[in-house]
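Order-wise, the sequence lines are chains A and B. Heads up: the first sequence runs through residues 28 to 191, numbered per this note's numbering. Heads up: the second sequence runs through residues 28 to 191, numbered per this note's numbering. Data first, discussion second: the structure below is written as structure tokens.
Number of protein chains: 2
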Amino acid sequence: MTLANDTDEDNSAQPSDRLLRQFVGYNIKRAYIQLQGDLTQTLAPFGLRIGTFSALAVVVGSEGISQTQLSEVLNIKRSGVVVLVDELENLGAIDRKPVETDRRAYALRVTAKGWHLWQNAERAVQLHEDALFDKLAVEDIRTLRELLVRATRSATRKRQEAGE
Amino acid sequence: MTLANDTDEDNSAQPSDRLLRQFVGYNIKRAYIQLQGDLTQTLAPFGLRIGTFSALAVVVGSEGISQTQLSEVLNIKRSGVVVLVDELENLGAIDRKPVETDRRAYALRVTAKGWHLWQNAERAVQLHEDALFDKLAVEDIRTLRELLVRATRSATRKRQEAGE
DNA sequence: CTATATTGTTATGTCAGTGAACATATTTAA
DNA sequence: TTAAATATGTTCACTGACATAACAATATAG
């Protein structure tokens, strides 16, 4: 992940990454890295990583989901899900219930412990994001506004095409 | 990188990742992955990766920059810069000019070839991003609007604190 | 019933980056 | 001025978060 440093101790009119800041992808990446780095710390006290947090969220929201289905929702391969489910199972947050009608598959279920874990982690991340918004650089905000304008224009065009 | 699938072939009222969609980080990630995946393909014909593209942009914009400075702008370690500079040098896009006043350091310079490469790549990425905006899911746009509102509120609060 | 497909699993590879150690060169302090 | 501390670029081993490929067990289709 390559992105420019946030610390604008050099507030010259020509930042070294000015040619990159024109790109939405670059600015999105900056925003994401900032959120991600800190989120990892927010989740650590719960024994969760971003991946396991995401997987837990999906299982909480879709009880009985299979690992293959989970891999589709998370957009990763089945082999990657094994690690996440193992980790959540070791935490005692979910369990693999054998499916009677298909002995190859498991139905993933949240335990009582997992439910409480989810509630606490969810609240922590909400607070985390609220706090982090105060730290968004003004430059990022400007770019996000530009992004919004373009995205909205795109959505409007879509609606017009659809004859709305 | 864990994120939910874009293909909303299941347009139920309760998507399996609904608990994740409340988070800005999750939506930012979705947007970034979408942009990033395709950007890699856009850059491939030029022999560039996202990392080398970014490094080239910085050198173009700050001729004579050192590798340590470049690492600070790109927010990666010096050891990571070596790979990028090697790759750009092998492409003939930049060169390492010895600095007379400091024999440890190199001044990174764009070659004529590198300048043309940058111009073509920059244009390609601009076109790429314009085209990609049509593909941004409406849900992402909605979330980005929300993000903007919160970010703007945050910026306003900052200005008020500053007494503007 | 046989051929094909699917589920979860393991082992291995990849890719972008970090961390630690190093040679060389420069700056700071005694 | 010499000695200690610091900075630059480099190498190599390592990590985290995936993907790919092969596999056994099971299920489904022809």
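We put the CB at the ideal spot given by N, CA and C, even for glycine.
Could you have a look at Val56(B) and say whether DSSP puts it in helix, strand or coil?
-> Reading the sequence as shown, one finds Lys at residue 56(B) and not Val. Reduced to three states, the DSSP call for Lys56(B) is helix.
Just the Cα atoms here: how many angstroms apart are Leu144(A) and Val109(B)?
-> 43 angstroms
Any contact of the segment 124-143 of chain B with the segment 86-105 of chain B, i.e. 3+ C-beta pairs under 8 angstroms?
-> yes
Return helix, strand or coil for Ala120(A), following the three-state DSSP convention.
-> coil
Determine the direct distance from the alpha carbon of Gln41(A) to that of Gly91(B), and round the result to whole angstroms.
-> 15 angstroms
Determine the DSSP secondary structure at Pro125(B), reduced to helix, strand or coil.
-> strand
Inter-stretch contact (C-beta, 8 angstroms, three-pair minimum) for the segment 117-125 of chain A and the segment 42-52 of chain A | no
Short Cβ contact (8 angstroms threshold) for Ala151(A) with Thr67(A) | no
Taking only beta-carbon atoms, is Lys56(A) less than 8 angstroms away from chain B?
-> yes
Based on Cα-Cα distance, which residue from Phe160(B), Asp122(B), Pro72(B) and Leu101(B) lies nearest to Asn147(B)?
-> Pro72(B)
Cβ of Val87(B) within 7 angstroms of any heavy atom in the ligand HEM?
-> Summarising the ligand content, the structure contains no ligands, and the ligand HEM is consequently not present.
From Leu47(B), Ala58(B), Arg57(B) and Ala134(B), pick the residue whose C-alpha is nearest to that of Thr95(B); which is it?
-> Ala134(B)
Check whether the Cβ atoms of Arg136(A) and Lys124(A) sit closer than 8 angstroms, and answer yes or no.
-> yes
Using the C-alpha atoms, what's the distance from Glu156(B) back to Asp35(A)?
-> Residue placement at Asp35(A) cannot be trusted, given a pLDDT of 41 that sits under 50; the coordinates are not used to answer.
Roughly how many angstroms separate the alpha carbons of Asp44(A) and Val100(B), rounded to a whole number?
-> 7 angstroms
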